[in-house]
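Okay, so here's the structure we're looking at.
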Amino acid sequence: MAVLAQPFDLQSPLTEIDMLRAQQREKSAEIMALKNELDNRRCRLQTMETVHEELNAFKTDAEKQKMVRAADILAMEKDFQQLSKRHDRLMNVKDSVKEKNRLLEERISQMSVENPTKLSKVLKEKSLLVQQLNKSVAKTKLKLKNLETVYSQKLFEVENNSELERAKLLQSVHTRTKYELKKKIDSAKTEMEVNQKALKEAVMERKKNEEENFRRRDLLIKQRYEAERRTEELCQQIKEVKADRMQHEKDYLEVKKKYMTIKGGFIFLVGAPQANDSNYKVEQPGQIQKCRFSLDENCEQLNMSLSTEPTKNQWLGVTLLSEKKKTEASVIVCAHRFHVGTYFSGVCHILENDLTGPQKFLTNVRGDHTEYGSSQTGTSAVFVPSGKNVQTFGVGAPGVLNWRGTIYSKVIAFIGGDTTTKESKLGDEIKANSFVGYSITTGQFDSKGNYYATGAPRSNGTGQVLLVSHRKPKMVYLEHNALKTLSGDQFGSSFGYSVVAVDLNKDGYHDLIVGAPFYQHPKKGGAIYIYMGVPNGEMNENTVPIKILSRTMNELECHTLGCEHGRFGAALANADDLNQDGYEDLLVGAPYEGDGAVYVFHGSKDGIVEKPTQRIAASNLQHHSFKAFGSSFATGMDIDKNGYPDVLVGAFESDSLALLLSRPVLTLASNIKLSPKSIDLKAAKTCPSNIPAKHCITVKLCLKYTATITLSETPEIKYTIIAERFDPKVIHSRALFHNEKSAPSFEITGTIKLKSKGNEFCATDYAFLQSSFRDKLSPIKFQFSYKLKGKPLNRNNKLPQINAFPILDLTTAEETTEIKEIDIQKECGVDNVCQSDLSLTAIPLNATLDPVTKRYVLSSKDSSSLLIRFTVTNSKEPAYDTKLNLKVPENVIYQGVDYGESKQPVECSSKKNDVIVCDRLGNPFLSKTELTFIVKLVIQDAKPTNFLSLEVNLTTISEEQTPEDNQVDIAFEMLIITDIQVTGQSSPEQVVYTGNALGESAMKNEDDIGPVVSHIYDVYNKGSGTVPQSKLTIEWPYELASDEDHGKHLLYLLQPPKVEEGKVTCRHPTIINPASIKDNPNSILRLPRSFVSLFSSFYCTHSLQTSVFQPFIYATVTTTYVYM
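Okay, structure coming up:
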């Protein structure tokens, strides 16, 4: 069962192979240099051809501009001639009128003396003539005004063409003298001649440039022929180099056979603590497996002479490590369950560089388990950087003193063989069963020196980490200060289960990472704590760590992987600099997250990047089945010599390990240019002729990469650009990409080949604005994302050439994203930030304000509609996307809008049942602008107690300066005006008393009493308002007045009132048929008698709970009496 994998570098004598490889690399470098030279020459040739095409295009544009300007001058001359002719005619008419007026005045003066009667007649003629002249003058003025309008439009068109000479020429239209007009025309002609002369000079210069371009093109063609010749020579050289390479490979194979017996290079040492060893008679002593860097060889047992006889289940290989980056490095192999008698004291063996000559490091076995009997030395170990010929390492012994635990520091001198051992001296605050020494690492964590950091996962219930100083040579014990104890924050989390030192931010001080794999949190299992190194101070109990929990999962994934039991942080390792960015990286194992997973965290100038860069799950490694993947790590070696450190990952439950080769990392840099710098919506068309739109945006994306190695293949970057729709709040994009092969879309993709390292390569796309959109204030944003195109990595019996499979250096695996934006020009000052100042007033037109209640009173007699006049003003910069929102009760319905007062179209609609939005108030709503419109509302089912409240507010996407005057609340009280009418009729209308008189006791049925009379009452509501509740009271002569309790019956009520129509409830007294007279439909009517009567009554109500008494609705009630 493999629990740890460790690479080890043997010193190999394959010097001849190295020489052959060096020669091969030199030849490969020469070939690459020749290829780069050929690519550069081809690139220069393409550049010259592009310049030639641009010169031809410039010539064509200049000729077109010349023709347009000449046509404009001719049109202006014609317009000026027509204007001068009209001016002359007007002057002639004016002179004629003056002459006629003078003659008329003379005639009037003459006639006033000769004939006064005739004078009055002439004066009338004069008035008529004056009227005619006035009409003629008015028509002439109108024509002049039209002419001025025409020339104003012409001036506006010329100004838009941005030509100063034409603008100055058109301004002269407003001068009314013919001399000045001609003078301006002459000036324009002169200037046109100057421009023509300049144009001729430009054409001559263009011809010279063309000749120079032709000469340069001929030179380039010659260079191209020379390059092709050189290419042929290079191809021939490449063939020769390939032949040499094949010969070198043959020589290499011969040398490999020659040194096959040495079998040098990298080997992996793998601990198998529960394996059997045929060399010993005891059961499962454990063994060390030796594995080579090859896919066609299996691991084999490392035969070594142990300094002590192994014991049963001693777990040899539970701890296994070698010192990194040191040629005389040794290997530590520990068996923490090695026992002497009945006590598990533990033992560590130190192997030399050639894996021979073991030394024994064994604690003194003193006393029982309450002392040093069950120390379990070797549960953890760490090498300490030390000088030449000296080796220092620390070893954990968690079973010392009734499992309180301790650590030992051992120094071995290679010359003389001297050894010294020191034990940590702990205070009484560390209790039994703390397991000090369960994990161990070393580093300089603060400015006070170097420390061992050892985990005590059961100390204090939560787990603790102790910082123990080991840099004072004269110390007899390893010193520990109680203040330098770091504690976990959750009971049972096993804080300190694993520890490792990593310099994440490259400040020269180690950062301490502590694992707490049993930390519990909903849908999470395990945590790590990062204590950043303290350059100016001490790391102690007050140091606040960065806590990172295991990743967040959804319900299904958490259940599938058993996320709460994943043990994130059970194994930690310093991964060195995986991406070669200058910062050390961190590996975190979660061996029980499914079948296990490994997380990669990058370092940076700010410390750890809290989001893992990569998650490698056992399920992703499909060529083998792993269990407990990520339970151990081995790092610090570049196995395939590609310049990037590699990683070995142990999976002890499946007796296997995985070698993860680091792929080369490309650092991608982008240069994005959006043109124009801002969009002018009033400008002329900026799109190319092949795009049927007015405003276009040129999107130029340039990419380059850097890497620490030379790639064997040209990397290709697939890019995706999304216009605005990457934001989930955006439903419709204002910009679309033009695509020759498909319909316009908000998204476009492409590929850029990065042909050489450090050089930019570009791609250009065009986006155009849609013809209409509301948001003219916020910038248009583009999201750029990149992904490295690569071929699949196929597994076979050969190790892959990993440099052919690069990845991007990104925070998310193999993809990156950035956002650029382009502003829309606004009439909002130099800062292009619109600061509006809107104000709102709302006045009901058909309601009266009550000065006491401050409510508007609306009468149903006048109307069931509500008219509100809204006035919106803006005193500062334009307000974009201005909307008026009106919140109304549910029984208020939007009917329409009238904007006739302002002549500005306003559109309103009911977005919800209770919200009305008027969203065409001007986009933008310009400064010094006022807009007035009337909204008509209909009130349904109004009641007398109905109080209506309307909430109105203005919104804009500009920066509103005074939002407090953008909202108004209006309160209404409904005044119901009604007209209720009651009509009645009697059936029959009159009766006759007949028959014999009987006393009450003698009356048994209706025939004994008298005629039957029925009264019918109709109730009408002819008003405009609704009456929610009404009451009808009916009184009738019931009996004669008497000194007794009751007099003689008059109208005897035989049955309760009957409701013929309408939802009505009648309540009546208990005097209905008190004598229990039987009804008889064939009763005889009797003659009436005169009497004095008492009146009784009952009433009928129409209830709120059943319905409302709406206008023009009636109810009918019928009562039946008998005259007695």
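Residue numbers (full-length UniProt numbering): 1 to 1124. A virtual CB, placed ideally from N, CA and C, is assigned to each residue, including glycine. Predicted, not measured: the structure shown is a model, and the values here were computed from it.
Buried versus exposed call for residue i [16 or more other C-beta atoms within 10 Å across all chains shown]
{"i": "N542", "result": "exposed"}
{"i": "M204", "result": "exposed"}
{"i": "G427", "result": "exposed"}
{"i": "Q287", "result": "buried"}
{"i": "T552", "result": "exposed"}
{"i": "T406", "result": "buried"}
{"i": "F746", "result": "buried"}
{"i": "E930", "result": "exposed"}
{"i": "T812", "result": "Here T812 scores only 43 on pLDDT, less than 50, and its place in the model is too uncertain to base an answer on."}
{"i": "L219", "result": "exposed"}
{"i": "V600", "result": "buried"}
{"i": "F1091", "result": "Confidence at F1091 is low in this model, with a pLDDT of 31, below 50, so the placement of that residue should be treated as unreliable; the coordinate-derived value is given next. F1091 should be labelled exposed."}
{"i": "M32", "result": "exposed"}
{"i": "F652", "result": "buried"}
{"i": "G770", "result": "Sequence inspection shows Gln at residue 770; the Gly mentioned does not correspond to that position. With fewer than 16 other Cβ atoms within 10 Å, it is exposed."}
{"i": "M260", "result": "Unreliable positioning characterises M260 in this predicted model, as indicated by a pLDDT of 34, which lies under 50. The coordinate reading is nonetheless provided below. M260 should be labelled exposed."}
{"i": "F1095", "result": "Per-residue confidence for F1095 stands at a pLDDT of 40, beneath the threshold of 50, marking its modelled position as unreliable; no derived number is given."}
Boundaries (first-last residue) of the beta strand (DSSP E) holding residue i
{"i": "H480", "result": "L478 to S487"}
{"i": "T956", "result": "Note, T956: premise wrong, no beta strand (DSSP E); not H, not E."}
{"i": "N450", "result": "G449 to A456"}
{"i": "N574", "result": "A571 to N574"}
{"i": "Q289", "result": "Q287 to R292"}
{"i": "M617", "result": "In the sequence on display, residue 617 carries Ala and not Met. Taken as a continuous stretch (DSSP letters only), the beta strand (DSSP E) holding A617 covers Q614 to A617."}
{"i": "I528", "result": "K524 to Y531"}
{"i": "P844", "result": "L838 to P844"}
{"i": "M539", "result": "Premise fails: M539 is in no beta strand (DSSP E) and is neither H nor E."}
8 Å Cβ shell around residue i - same chain, five flanking residues per side excluded
{"i": "E814", "result": "Confidence at E814 is low in this model, with a pLDDT of 46, below 50, so its placement is unreliable and the value that follows should be read with caution. Result list for E814: K787, L788, I807 and L808, in chain order."}
{"i": "S670", "result": "L701, C702, L703, F784, Y786 and E818"}
Beta-carbon proximity check, residue i vs residue j, cutoff 8 Å
{"i": "Y574", "j": "S447", "result": "Residue identity differs from the one stated: residue 574 is Asn in this sequence, not Tyr. Against a cut-off of 8 Å, the Cβ pair of S447 and N574 comes out as no contact."}
{"i": "S469", "j": "T454", "result": "no"}
{"i": "L884", "j": "L867", "result": "no"}
{"i": "F933", "j": "A879", "result": "no"}
{"i": "E584", "j": "L504", "result": "yes"}
{"i": "D881", "j": "D775", "result": "yes"}
{"i": "K694", "j": "G758", "result": "no"}
{"i": "L948", "j": "V892", "result": "yes"}
{"i": "F445", "j": "V333", "result": "no"}
{"i": "V665", "j": "Q580", "result": "yes"}
{"i": "L466", "j": "T441", "result": "no"}
{"i": "I717", "j": "P779", "result": "no"}
{"i": "W403", "j": "F383", "result": "no"}
{"i": "G394", "j": "Y408", "result": "yes"}
{"i": "I709", "j": "G643", "result": "yes"}
Beta bridge counterpart(s) of residue i as assigned by DSSP
{"i": "G900", "result": "DSSP, once it has assigned bridges, lists no residue as partnering G900."}
{"i": "T667", "result": "T706"}
{"i": "A971", "result": "S949"}
{"i": "D765", "result": "V699"}
{"i": "I1077", "result": "Paired residues: none, contrary to the question."}
{"i": "Y894", "result": "L937"}
{"i": "E352", "result": "Partner(s): none; E352 has no beta bridge."}
{"i": "Q825", "result": "None, per the DSSP bridge assignment."}
heavy atom of the ligand NAP below 7 Å from residue i C-beta
{"i": "H336", "result": "You won't find the ligand NAP in this model; it holds no ligand whatsoever."}
Sequence-distant residues of its chain with Cβ nearer than 6 Å to residue i (five each side left out)
{"i": "A570", "result": "P517, G589 and P591"}
{"i": "G750", "result": "Y719 and A763"}
{"i": "K401", "result": "Residue 401 is actually Leu in this sequence, not Lys. There are no such residues."}
{"i": "P285", "result": "D277, P310, Q314 and L316"}
{"i": "K256", "result": "At K256 the pLDDT is 40, less than 50, meaning the model places this residue with poor confidence; the figure from the coordinates comes in the next sentence. There are no such residues."}
Terminal residues of the alpha helix (DSSP H) in which residue i lies
{"i": "E557", "result": "E555 to L561"}
{"i": "N402", "result": "V400 to W403"}
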